[in-house]
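Residue numbers (full-length UniProt numbering), protein chains in the order written: chain A, 1 to 329; chain B, 1 to 329; chain C, 1 to 329; chain D, 1 to 329.
To keep things clear, I will list the structure first and then write my remarks on it.
4 protein chains.
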Amino acid sequence: MELDGNAVLAKALREQGVEYVFGIVGIPVVELSMAMQAEGLKYVGMRNEQAACYAAQAIGYLTGKPGVCLVVSGPGLLHVTGGMANAQVNCWPLLVIGGSTSQDHEGIGGFQECPQVELSRPYCKYAARPPSAALIPMHVEKAVRLACYGRPGAAYLDFPGNLLTAKIAEDAIPMQYAHPAPPVPFPDPKLVEEVAQLLCAAKRPLVIVGKGAAYARSELQVRQLIHQSNLPFLPTPMGKGVVPDLDPQCIAPARTLALQKADVVLLLGARLNWILHFGRPPRYSSDVKVIQVDVNAEEMHNSVSSTVAVQSHITPFTEQLVEVLAKKH
Amino acid sequence: MELDGNAVLAKALREQGVEYVFGIVGIPVVELSMAMQAEGLKYVGMRNEQAACYAAQAIGYLTGKPGVCLVVSGPGLLHVTGGMANAQVNCWPLLVIGGSTSQDHEGIGGFQECPQVELSRPYCKYAARPPSAALIPMHVEKAVRLACYGRPGAAYLDFPGNLLTAKIAEDAIPMQYAHPAPPVPFPDPKLVEEVAQLLCAAKRPLVIVGKGAAYARSELQVRQLIHQSNLPFLPTPMGKGVVPDLDPQCIAPARTLALQKADVVLLLGARLNWILHFGRPPRYSSDVKVIQVDVNAEEMHNSVSSTVAVQSHITPFTEQLVEVLAKKH
Amino acid sequence: MELDGNAVLAKALREQGVEYVFGIVGIPVVELSMAMQAEGLKYVGMRNEQAACYAAQAIGYLTGKPGVCLVVSGPGLLHVTGGMANAQVNCWPLLVIGGSTSQDHEGIGGFQECPQVELSRPYCKYAARPPSAALIPMHVEKAVRLACYGRPGAAYLDFPGNLLTAKIAEDAIPMQYAHPAPPVPFPDPKLVEEVAQLLCAAKRPLVIVGKGAAYARSELQVRQLIHQSNLPFLPTPMGKGVVPDLDPQCIAPARTLALQKADVVLLLGARLNWILHFGRPPRYSSDVKVIQVDVNAEEMHNSVSSTVAVQSHITPFTEQLVEVLAKKH
Amino acid sequence: MELDGNAVLAKALREQGVEYVFGIVGIPVVELSMAMQAEGLKYVGMRNEQAACYAAQAIGYLTGKPGVCLVVSGPGLLHVTGGMANAQVNCWPLLVIGGSTSQDHEGIGGFQECPQVELSRPYCKYAARPPSAALIPMHVEKAVRLACYGRPGAAYLDFPGNLLTAKIAEDAIPMQYAHPAPPVPFPDPKLVEEVAQLLCAAKRPLVIVGKGAAYARSELQVRQLIHQSNLPFLPTPMGKGVVPDLDPQCIAPARTLALQKADVVLLLGARLNWILHFGRPPRYSSDVKVIQVDVNAEEMHNSVSSTVAVQSHITPFTEQLVEVLAKKH
């Protein structure tokens, strides 16, 4: 059977586990939106690309699989640079798919002609134009994978009009594997022991529950930690819900004081950026000891020097910490 | 007297002839919007940066002086990449002014921290961050000048919070000149003669009046040309109004036929891009002779080979052509 | 007859008037260098891409037609970013041709895989990857044209291995026109008159002969101007040779004094950048009157305010000035 | 005591553990090279920036601390884009330090003026211009840290002439911490068990020892694994030396056959890129089972689907695998 690029792309998205598309259609992606729906993807028509892009990444954050934001060429794509940057900085999986000018119109003033791959690059972990219909599934797999793996973020795939209408025999398309759930870095057990000792010795410890804990779905482990050791905690705006705000250990109503007085702060997937006052005096004690737990090595020691810095997914770290602390009590 | 960066910037804008500002305020540009109004600039508060940017460039196109689009850092700026690209491609003068994170918060997770100058670069003729309050007027002059001179387009200036609040003694600011109206390239008289001959010899000549003629305010000259020689004309969408649509020489109702049958096409500031079907068959005769008149050398011969290509502002070219044709009749 | 991409490219270069190639070959451009030689291009094998790129642009400056710099993928291309930037800033025509990874190896760790078009963009007037063998001649024409037209500079064309080996029937390649010599902007006659008056009224006039006069090949006109009016002149480093250094009007031995004492400075294709001390005191008198003549509107009033700024090619400007001055004497 | 920017920078580099500098000096970094030597850094004067940059990153690879490549503005910096890209792709720590035009000459044609931070961005993990002498140590710490942490790579710091000569009282410079050795991700023990089972069940297992194992300094652990289980191994070009080539388990002389016949391949810090034929038939069996161990999640499943993908530093992974296998034997 012969497929066109639209059908190959829609099928590849489904095979990679994509479920939702938020878009605004026009030349050359009208037929693509129909192929997506024919393939069973949930398509939501939006009124402005900005909103479409923020919606797609919210789904990505909630489900761990990127939502697709579908846009037309030129202004369609450029209206989502803000959304892509947000996904990238917030570490939310997102896949933007943009239609673009037919390649035979490049260089002569094609409709909304725009070098979309390179303009997306600063806002993406992966940006590419598949060179042929046969290679669409391979690039879709990579884009979805990179949006989810490691530090999650945005990916962009570019589809010139002529690629979307190109025909290919179904059996000429190489089989493409789907990737499993993202790999998970575990903590160094010696560092978990150090963390336990610091917490046990602390007079005014504080756990800050961040977005990393929420995205890791570590609710069970974090609640266990909080309750087992009677630790006060503070959620960041995106860390809310990991432990309910009404939990008696929640120190949010005394946020300012809690930050100022803490002698040991345990950051579970939270960054010491402007929201947390960079971890610096006068919002923190000048001799506060900071413990960072984060999947990203690059976040360590970024505005203050952490006493312990553990590169780990929040779930296995907290699990191990609970275990070590249990033995100490 | 001591001024802060906000006041220096507002004053510099007024001294360079800027009149209008369309913006959405927030950290760190709230006080800037007030300084602008205190300086007598007309400030229009908008609801979305996208619209603010399109409004600012429309004023720029209509008046020949850039309107300012004022935005906050991060998403504020990124929401106008589409607008900047539009100004750049459409050759409309525009000045985007963006607030940005205070420089002592750079690298540690500042509020909406974002490398705004470099992200604006692909969409601008000029993008810079003034290094001190004293040098703000110099960069404002350059940004306004480059937005207007040569091929008009977009400029971006970046103002970290600490620059806007920096104090400087008024007499420590170097005096900054204002630039005159943009220079105007004149045509090679030999080419004007060639154009006249081609038009006189043509059986089915057609004048296409483009945006370049409109921006040049060549109404008088173009109407004279059309009427003196009884030439049929077609306005592009942005070339409308140079000669009224109801003028009896207007061939718009028979656009398709006019393009197909013309043996000589005179382009007055119009590009043979997708709107004009690239100047190629079957929308044009395969032996049509094309005459291009444009301020940009780079637009010449871009999708078809022009028989005559004249780098010139539309006004002096048309004036000279009218004169030469008058002698021939 | 069937051609491969190498042959199509070599032929297109010759048809656009390219004569010289400076290169270092390797995967995937070995066969391309042979096709170029088979087509009659003069190929010079170099030892380092840096030197190759500076050589190619020197030929471009001397002949007005871009020399080609041929490089391999990845480091091959990156070693010429300095050369491309030099060509761009110096306004010298240059065409860089880079081989790149085969497209089916993109995204999986291909040999020296590198997004070469976008990495070249900041250093180029035009950067593109032809999408098919059939469209190679069209992109070559555009790259050569943009390197020469308007403000000359660099262009980059990218050729993945699979495009160079792709086969196409010769008669399936669209005919591509060659462009004529670049268009030339003429001066506003009223401004030429103003310049003449300024020069006649000057007590200590100075002509600075720049690269623009040299590239314009205005030797005849500039010498006539210098001798007719007995004007002292100073060549910039790249403006040397337009009038011989041994000409009695040459003021170079008293450069410092000449700049400081001049009351009217006529810049013929020279920029008031660091080489000319920005045109500012104490290297110039604070009330010096500057006259700028330049093809680029964007160069006008860039570090000081010019009294007269003429957007024009140096040759017609100087011709007209000589004529106007002759009438005055 | 008062320091200038040169001294602050040199001191900060030493405090962050930098030992070697390879450079070519000129405006504005001559005095900086002297301040570096005064501070005890080992300075090596080179002949071409290309070589300087490759040397600096080789030191970085060998010692785990970035070497510095010191360059002048404009061409000085651009001549190392190839080197920076190499460091980035090869995951070698590198710190490029570039002098740049004095900020009051920006926009008016300063000497070798060039937007160096943004031009370095595509080749770097971190690129910044410290906004003041006081903040130099903070940016140096971050640049050195990011060059080493997580996936190692390149960093760029930009120093305009006026910043290098700016004076500051020593006690006005905020104290800056130094970061410890990079954090290390540990493997999921369940995956180590799966790997052990796969190896035990394999008929023709093959260990490929890559650059990741070499950079991790896992010689002891890898040799133990190889010898304990009698596993044949193949070093990649950069993985040579982890186990000596003359080790009887080294299968390099039968590389082609070993790759083709292996039924289980264990990748220790090696990528299945072009060097390893993308892990695909006909160079590998079509039913080969691939085990990936890598610090980068983004490298997993990149050209083929791995049966097990472990995000881990090579040392703790191999240690644990040796232990698990010991229990199985």
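Glycine residues also receive a C-beta, built at the ideal position from the N, C-alpha and C atoms.
In this text the structure is predicted, and so the values were computed from the model without any measurement.
Cβ distance (whole Å) where residue i is taken to contact residue j below 8 Å
{"i": "C/Gly98", "j": "C/Tyr43", "result": "That pair is no contact at about 16 Å."}
{"i": "C/Leu191", "j": "C/Val308", "result": "6 Å"}
{"i": "D/His139", "j": "B/Gly107", "result": "6 Å"}
{"i": "C/Ala178", "j": "C/Val8", "result": "15 Å between Cβ atoms; not a contact."}
Backbone CA spacing between residue i and residue j [nearest angstrom]
{"i": "C/Ala127", "j": "C/Val117", "result": "6 Å"}
{"i": "A/Met300", "j": "D/Cys53", "result": "27 Å"}
{"i": "B/Val89", "j": "C/Gly109", "result": "35 Å"}
{"i": "D/Gly239", "j": "A/Ala143", "result": "29 Å"}
{"i": "A/Lys261", "j": "A/Ile59", "result": "37 Å"}
{"i": "C/Ser303", "j": "C/Ile275", "result": "12 Å"}
{"i": "D/Phe186", "j": "A/Asp188", "result": "6 Å"}
{"i": "B/Ser33", "j": "B/Val72", "result": "11 Å"}
{"i": "D/Ala55", "j": "D/Ala147", "result": "16 Å"}
{"i": "C/Thr81", "j": "D/Glu194", "result": "48 Å"}
{"i": "B/Gly83", "j": "C/Gly279", "result": "36 Å"}
{"i": "D/Thr165", "j": "D/Ser306", "result": "54 Å"}
Sub-8 Å separation of residue i and residue j beta-carbons
{"i": "C/Val288", "j": "C/Val324", "result": "no"}
{"i": "D/Ala87", "j": "D/Gln57", "result": "yes"}
{"i": "D/Ala196", "j": "D/Gly269", "result": "no"}
{"i": "A/Gly64", "j": "A/Pro28", "result": "no"}
{"i": "B/Leu119", "j": "A/Pro122", "result": "yes"}
{"i": "B/Leu95", "j": "B/Val18", "result": "yes"}
{"i": "C/Gln112", "j": "C/Pro75", "result": "yes"}
{"i": "B/Ile136", "j": "B/Leu206", "result": "no"}
{"i": "A/Tyr149", "j": "D/Ala297", "result": "yes"}
{"i": "D/Arg14", "j": "D/Glu31", "result": "no"}
{"i": "residue 332 of chain B", "j": "B/Asp247", "result": "No answer is possible for residue 332 of chain B: it lies beyond the span of chain B, which begins at 1 and ends at 329."}
{"i": "B/Gln103", "j": "C/Pro183", "result": "no"}
{"i": "A/Ile208", "j": "A/Leu267", "result": "yes"}
{"i": "D/His313", "j": "D/Val290", "result": "no"}
Same chain, Cβ closer than 6 Å to residue i, neighbours up to 5 away in sequence not counted
{"i": "A/Val21", "result": "Met36, Leu41, Tyr43, Val68, Leu70"}
{"i": "A/Leu163", "result": "Gly5"}
{"i": "B/Lys167", "result": "Glu2, Asp4"}
{"i": "A/Arg283", "result": "Leu259, His277"}
{"i": "B/Ala85", "result": "Tyr123"}
{"i": "D/Ile173", "result": "Ala134"}
Bridge partner(s) assigned by DSSP for residue i
{"i": "B/Phe22", "result": "B/Val44, B/Cys69"}
{"i": "C/Gln311", "result": "C/Asp294"}
{"i": "A/Ile168", "result": "A/Leu3"}
{"i": "A/Leu94", "result": "A/Gly67, A/Ala154"}
{"i": "D/Ala127", "result": "D/Tyr156"}
{"i": "C/Ile208", "result": "C/Leu234, C/Leu267"}
Contacting residues, own chain, Cβ-Cβ under 7 Å from residue i (five flanking each side not counted)
{"i": "B/Pro152", "result": "Cys91, Trp92, Pro93"}
{"i": "C/Gln221", "result": "Thr315, Thr318, Glu319, Val322"}
{"i": "C/Glu219", "result": "Val242"}
Proximity test, residue i beta-carbon vs the ligand ATP heavy atom, cut-off 7 Å
{"i": "C/Val209", "result": "The ligand ATP is not among the ligands present in this structure, which contains no ligands whatsoever."}
Close-in-space but distant-in-sequence residues of the same chain around residue i (CB under 8 Å, 5 per side omitted)
{"i": "A/Gln249", "result": "Ile226, His227, Asn230, Leu231, Pro232, Phe233, Val243"}
{"i": "A/Ala12", "result": "Ile136, Pro137, Val140, Glu141, Gln176"}
{"i": "A/Ala214", "result": "Met238, Gly239, Lys240, Gly241, Val242, Gly269"}
{"i": "B/Arg255", "result": "Leu234"}
Interface flag, residue i vs chain F, CB-CB below 8 Å
{"i": "D/Leu266", "result": "Checking the listed chains, one finds no chain F in this structure; the protein chains it contains are A, B, C and D."}
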